[in-house]
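Asks:
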Amino acid sequence: MNILGVEFEAKKLNYVLLVCDGDEVNIAQCNRLELSETRSRDSLRAFQNAVTTMLNGTQPDIIAIKDKPESGQMRAGSAALKMEGILLASASCDVEFVSGKRINACDAGDGIKAYHQNAFKAAAAVHRKQAD
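Each residue of the sequence shown is one higher than the last, beginning at 69 in my numbering.
Now the structure itself:
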């Protein structure tokens, strides 16, 4: 099973692809995409094309997104909400939102950069849930 973990951070989409076979979990890919302008049609289309290319290259069975609040004190910014909308519209597989509590319950990934950790943990949380 391929699980694509995603976190939105400012104007960046950080992702980690986990390839899971039973208890064996391997990091197959990690990278980031950036939305250069939030109010430019060309930038949004370029980001959409990059997301489509990423999804075609990773072939996820499920996408695990670190949940961001939509309202309240720590609400998500407009760039994160736009990127999330593009990802959801482009996805052809199931998507699961993972709470911060479930993210914090996961161990850090070995050998990946700090800015990929939450995307890794989102994917690991979904894998843990699938295994139970």
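Here a beta-carbon is modelled for each residue, glycine too, at the ideal position from N, C-alpha and C.
List, from N- to C-terminal side, the beta strand (DSSP E) runs of 3 residues or more that fit wholly inside the region 159–198.
Replies: Complete beta strand (DSSP E) runs here, min 3: 162–166.
Asks: Which residues in the same chain as residue 93 place their Cβ atom closer than 8 Å to its Cβ, once the five residues preceding and following it in sequence are excluded?
Replies: These residues qualify, in order along the chain: 86, 87, 192 and 195.
Asks: Hey, residue 275 and residue 126 are a contact pair by Cβ (cut 8 Å); roughly how many whole angstroms apart?
Replies: With the chain running from 69 to 200 in the structure shown, residue 275 is simply not present.
Asks: Could you give the distance in angstroms between the alpha-carbon of residue 154 and the alpha-carbon of residue 134?
Replies: So the two alpha carbons sit approximately 15 Å from each other.
Asks: What span of residues does the beta strand (DSSP E) with residue 97 cover, start to end?
Replies: Unbroken beta strand (DSSP E) run through residue 97: 92–102.
Asks: For the beta strand (DSSP E) holding residue 89, just list the boundary residues, first then last.
Replies: That run of the beta strand (DSSP E) goes 80–89.
Asks: CB-CB under 8 Å to residue 162, same chain, minus the five flanking residues each way: which ones, in chain order?
Replies: Hits under 8 Å: 129, 130 and 131.
Asks: Using the C-alpha atoms, what's the distance from residue 84 back to residue 72?
Replies: Their backbone Cα atoms lie some 6 Å apart in a straight line.
Asks: Just to confirm the assignment, what range does the alpha helix (DSSP H) spanning residue 125 have?
Replies: Looking at the DSSP string, the run of the alpha helix (DSSP H) that includes residue 125 is 109–126.
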